[in-house]
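**Student:** A single structure is presented below for examination.
Protein chains: 2
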Amino acid sequence: MRQLLLSTSTVHGTNYLDYAETHVRAFFGSSVKRVLFVPFALHDRDAYAAKARERFERLGYGCDALHTAAAAGAATAQQAVASAEAVFVGGGNTFRLLDTLQRLELIEPLRRRVQGGMPYMGASAGSNLACPTIMTTNDMPIVQPRSFDALGLVPFQINPHYLDPEPNSKHMGETREQRIREYHEQNQRSVVGLREGGILLREGDRLQLIGQSGARVFRRGGEPVEFRPGDDLSGLLGSQSC
Amino acid sequence: MRQLLLSTSTVHGTNYLDYAETHVRAFFGSSVKRVLFVPFALHDRDAYAAKARERFERLGYGCDALHTAAAAGAATAQQAVASAEAVFVGGGNTFRLLDTLQRLELIEPLRRRVQGGMPYMGASAGSNLACPTIMTTNDMPIVQPRSFDALGLVPFQINPHYLDPEPNSKHMGETREQRIREYHEQNQRSVVGLREGGILLREGDRLQLIGQSGARVFRRGGEPVEFRPGDDLSGLLGSQSC
Numbered sequence: 271m272r273q274l275l276l277s278t279s280t281v282h283g284t285n286y287l288d289y290a291e292t293h294v295r296a297f298f299g300s301s302v303k304r305v306l307f308v309p310f311a312l313h314d315r316d317a318y319a320a321k322a323r324e325r326f327e328r329l330g331y332g333c334d335a336l337h338t339a340a341a342a343g344a345a346t347a348q349q350a351v352a353s354a355e356a357v358f359v360g361g362g363n364t365f366r367l368l369d370t371l372q373r374l375e376l377i378e379p380l381r382r383r384v385q386g387g388m389p390y391m392g393a394s395a396g397s398n399l400a401c402p403t404i405m406t407t408n409d410m411p412i413v414q415p416r417s418f419d420a421l422g423l424v425p426f427q428i429n430p431h432y433l434d435p436e437p438n439s440k441h442m443g444e445t446r447e448q449r450i451r452e453y454h455e456q457n458q459r460s461v462v463g464l465r466e467g468g469i470l471l472r473e474g475d476r477l478q479l480i481g482q483s484g485a486r487v488f489r490r491g492g493e494p495v496e497f498r499p500g501d502d503l504s505g506l507l508g509s510q511s512c
Numbered sequence: 271m272r273q274l275l276l277s278t279s280t281v282h283g284t285n286y287l288d289y290a291e292t293h294v295r296a297f298f299g300s301s302v303k304r305v306l307f308v309p310f311a312l313h314d315r316d317a318y319a320a321k322a323r324e325r326f327e328r329l330g331y332g333c334d335a336l337h338t339a340a341a342a343g344a345a346t347a348q349q350a351v352a353s354a355e356a357v358f359v360g361g362g363n364t365f366r367l368l369d370t371l372q373r374l375e376l377i378e379p380l381r382r383r384v385q386g387g388m389p390y391m392g393a394s395a396g397s398n399l400a401c402p403t404i405m406t407t408n409d410m411p412i413v414q415p416r417s418f419d420a421l422g423l424v425p426f427q428i429n430p431h432y433l434d435p436e437p438n439s440k441h442m443g444e445t446r447e448q449r450i451r452e453y454h455e456q457n458q459r460s461v462v463g464l465r466e467g468g469i470l471l472r473e474g475d476r477l478q479l480i481g482q483s484g485a486r487v488f489r490r491g492g493e494p495v496e497f498r499p500g501d502d503l504s505g506l507l508g509s510q511s512c
């Protein structure tokens, strides 16, 4: 299995996917010609698909959008997944993304294709979707999916856009670390707090942190551990971690 | 119906419920002798209940905790709700709170009691619970409730701990206003962004913003409107607002 999981599509002061460009090229390589873009996390799918298409064409890839296939019905959308060379699931609202994929009965077909070797790239909500559940999303629950279970391509949870506590904050809402601690009061799986600019690259049984930012990994009952770009995180793929 | 809905239990630099003390006293008055505390939003219910009890005793009220009744089964918990003089639902994780109340079959009994006149006080997650759904919570979805539908004591949504955008932020995650806009891409109801220190007081068909902070009210398709403590928000109770 191959996955490229981004914390964010864009880092401050740059344009869409710019910071990740070399990693995206290296991940899809020259064998992939067209990427299937999944725009369901945003409301305006046409605009989102146009933005992704423009960006992928500049990277040298063709880009089809799954919502145009879905407009002809769930079966056509399933066919688009079945015949895709590679997939990119864009960021936005994770609940809306999962709900739409569940309604189109696309979870199982997508999972099977990725398990069969199709490269999967996700950003933000698209990275949440690669996890066993969406329980470590930051998003507002604006729609109710039938289940919080997601693709389960990796056996751990990701918290994208991970934010360190602000030392001088006067805000009383929970910090991100407190929220992840609450997750571990109810659940077992390890959580990778992936800071903006951080990317997880999974190639088979190897998992590496790449990109330009570190990650903070939370295990139930243990102290959080810091990782830097270049570090190996393959231990998280073992069943003992989740 | 009577409700006192707090954005937060605590404002920075003060102790538990201190900032709201005079409003809590005025709300429960002298006819209420004991308050039923609902600690289900936090993991350590005993510690939470002890904290609430100490605080309410200093306010001059007795305080029973619903989880001790629930330990004897759902029927006993339902009985505790049936015989309560007043209820206070504490903050924490809204998904955990709603899930626990659903499992104990307490949603309908609680709703009926409040509709019948029992005073309802909520803080943070407890204020989310008073809304038609929990779709405008800030919390992480650490458990999956059977439904996002909540008590529906008010016909609008509350976003507690409302935060204005940070003008100099380099973070690319959605601002609170963007999240509420996403809510309105999928849903109709007005959303009160209640800043920390802000309190909604509902007495029958009258709704007032009190406390020490303002609120920003978002209507689908309209520009957000600012309100200050003392302002009347009764218009939000009308059906046209949701």
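Residue numbers (my numbering), protein chains in the order written: chain A, 271 to 512; chain B, 271 to 512. Ideal Cβ positions, reconstructed from N, Cα and C, are used throughout, including at glycine. Since the structure is predicted, the reported quantities are computational estimates derived from the model, not experimental observations.
Give the C-beta separation of A:Ala344 and A:Met388 to the nearest angstrom, bearing in mind that I take them to be a contact with Cβ-Cβ under 8 Å.
**Tutor:** That pair is no contact at about 19 Å.
**Student:** Kindly indicate if chain B contains any beta-carbon less than 7 Å away from that of A:Lys303.
**Tutor:** no
**Student:** For B:Val294, which residues of its own chain have a beta-carbon under 8 Å away from its beta-carbon, when the five flanking residues on both sides are left out?
**Tutor:** Leu274, Leu287, Leu329 and Met391
**Student:** Buried or exposed: where does A:Glu496 fall if 16 or more other Cβ atoms within 10 Å of its Cβ makes it buried?
**Tutor:** By the beta-carbon neighbour count (other beta carbons within 10 angstroms, threshold 16), A:Glu496 is exposed.
**Student:** Since B:Asp316 is in the alpha helix (DSSP H), which residue starts that stretch and which ends it?
**Tutor:** Segment Arg315 to Leu329, the alpha helix (DSSP H) holding B:Asp316.
**Student:** Please list the segments of the beta strand (DSSP E) lying wholly inside the stretch 390–433 of chain A, counting only runs of 3 or more residues, in order along the chain.
**Tutor:** 390–393 and 427–432
**Student:** What residue from B:Ser301, B:Pro494, B:Gln448 and B:Leu506 has the CA that sits closest to B:Leu471's CA?
**Tutor:** B:Leu506
**Student:** Quick one, which of B:Thr406, B:Gly386 and B:Arg383 has its alpha-carbon nearest B:Ser394's?
**Tutor:** Of the candidates B:Thr406, B:Gly386 and B:Arg383, the one whose C-alpha sits nearest the C-alpha of B:Ser394 is B:Thr406.
**Student:** Kindly say whether A:Gln414, judged by its beta-carbon, lies nearer than 7 Å to any beta-carbon of chain B.
**Tutor:** yes
**Student:** Mind listing the chain A neighbours of B:Thr443? Cutoff is C-beta to C-beta under 7 Å, in chain order.
**Tutor:** Strictly speaking, residue 443 of chain B in this sequence is Gly, with Thr absent from that position. Chain A residues near B:Gly443: Asn408 and His431.
**Student:** 7 Å is my cut-off, CB to CB: does B:Thr278 come that close to chain A?
**Tutor:** yes
**Student:** Go ahead and pull the three-state DSSP assignment for A:Arg459.
**Tutor:** coil
**Student:** Count the other CB atoms, across all protein chains shown, that sit within 10 Å of the CB of A:Ala420; report buried if there are 16 or more and exposed otherwise.
**Tutor:** buried
**Student:** At which residues does the alpha helix (DSSP H) containing B:Glu291 begin and terminate?
**Tutor:** Per DSSP, the continuous alpha helix (DSSP H) segment holding B:Glu291 begins and ends at Glu291 to Phe298.
**Student:** Residues of the stretch 382–412 of chain A in Cβ contact with chain B at a cutoff of 9 Å, in chain order, please.
**Tutor:** Residues passing the 9 Å Cβ filter: Ser394, Thr403, Ile404, Met405, Thr406, Thr407, Asn408, Asp409, Met410, Pro411 and Ile412.
**Student:** Just by C-beta distance, which residues in the stretch 473–492 of chain A are closer than 9 Å to chain B?
**Tutor:** none
**Student:** Using DSSP with H/G/I as helix, E/B as strand and the rest coil, what is A:Val378?
**Tutor:** The question names Val, but residue 378 of chain A is Glu in the sequence shown. In the structure shown, A:Glu378 sits in a helix (DSSP, three-state: H, G or I).
**Student:** How would you list, in chain order, the residues of chain A whose beta-carbon sits under 8 Å from the beta-carbon of B:Tyr453?
**Tutor:** Simply Met410 and Ile412.
**Student:** If you run the structure through DSSP and keep just helix, strand and coil, what is A:Gln510?
**Tutor:** At A:Gln510 the pLDDT is 46, less than 50, meaning the model places this residue with poor confidence and gives no usable figure here.
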